[in-house]
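Using our numbering, the letters of the sequence shown correspond one by one to residues 37 to 224. In this text, a Cβ means the ideal position worked out from N, Cα and C, and glycines have one as well. Worksheet for the structure shown next.
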Amino acid sequence: MRKIEGAWLLLALLPAAVSLATPVALRPLVEPPPRAPQATDPQVRWAALAPAQQRDVRTRYAAWRALPESERQRVRKAAAELAALPAAERDALRGRFAGLDRLYRDGWQLGPRLGALYPKLQPLLGYLPEPQRAPMLALLRELDAAQLAQLGLLSQRTPPQARDALREELLAVPATGRAEWLRRKLDK
37 MRKIEGAWLL
47 LALLPAAVSL
57 ATPVALRPLV
67 EPPPRAPQAT
77 DPQVRWAALA
87 PAQQRDVRTR
97 YAAWRALPES
107 ERQRVRKAAA
117 ELAALPAAER
127 DALRGRFAGL
137 DRLYRDGWQL
147 GPRLGALYPK
157 LQPLLGYLPE
167 PQRAPMLALL
177 RELDAAQLAQ
187 LGLLSQRTPP
197 QARDALREEL
207 LAVPATGRAE
217 WLRRKLDK
């Protein structure tokens, strides 16, 4: 399971993680439309991308830059491990990743810790208002594994109409009081 999580993370971030310096050229997740021969000039290659592809690359690059260095190291390690796999196994992993729901694929852009928990956190985080995005991600990165598990459970138990209020309440809780707040919320 650990190998698959690393692969998911790598596949979610790879197009943006230019600093990975992976010796093996990895194919994209989905076959791109036929295109003209590759230009060597990055500006020409960028201009040749469709606007949706440019947005996707920007999003992935921003996710890469937002990761703490320790998680970037894990992604680099996963890149090396993925590159060392036989081509058929790499292709199979890419196919499985491409088969995931886009919400879960995008969740891996949050890094190894949060990506693995994203299916449980998605009800709470899937539709974050932009002003809450950075504070919520910072908060999540401060939580320990037990608190993240509690928040995942709380996220799944909270009805859709109450999720906005829950997020606002969570963001307002001081770091020192989060463990108690989570415990109280789960005890209700």
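Between the options, which has its C-alpha nearest residue i's C-alpha?
i, options, result
"D175", "Y97, R214, A119", "Here residue 175 is Leu; the residue named in the question, Asp, does not match the sequence. Selected option, being the one with the closest Cα: R214."
"R102", "A181, P165, P171, A119", "Residue identity check: residue 102 is Ala in the sequence provided, not Arg. A102 has its Cα closest to that of P171, out of A181, P165, P171, A119."
"G147", "P104, E166, A88", "P104"
"L187", "P87, P155, R108, R169", "P155"
"E178", "W144, A211, D142, A115", "A211"
"P165", "L207, R108, A98, D137", "L207"
"G143", "W100, R219, P196", "W100"
Does DSSP put residue i in a helix, in a strand, or in coil?
i, result
"Y97", "helix"
"Y140", "helix"
"R163", "Note on residue identity: the sequence assigns Tyr, not Arg, to residue 163. Coil at Y163, not helix or strand."
"K224", "coil"
"A86", "coil"
"V209", "coil"
"P104", "coil"
"D92", "helix"
"P78", "helix"
"P196", "helix"
"L176", "helix"
"P148", "helix"
Here's a check: name, in chain order, each residue in its chain whose Cβ is nearer than 6 Å to the Cβ of residue i, leaving out the five neighbours to either side.
i, result
"T194", "L202"
"A182", "none"
"R110", "P148"
By Cβ distance below 8 Å, which residues in the same chain neighbour residue i in space, the five residues on each side in sequence not counted?
i, result
"V209", "W217"
Using C-beta distances below 7 Å, list every residue in its chain close to residue i, excluding the 5 sequence neighbours before and after it, in chain order.
i, result
"E205", "none"
"L222", "Q186, L189, L190"
Segment contact flag, the region 116-130 with the region 148-161, C-beta cutoff 8 Å, min 3 pairs
By the C-beta criterion, the region 116-130 is judged not to be in contact with the region 148-161, since fewer than 3 inter-stretch pairs fall below 8 Å.
Does the region 108-128 come close enough to the region 78-97 that 3 or more CB-CB pairs lie under 8 Å?
Too few Cβ pairs lie closer than 8 Å, so no.
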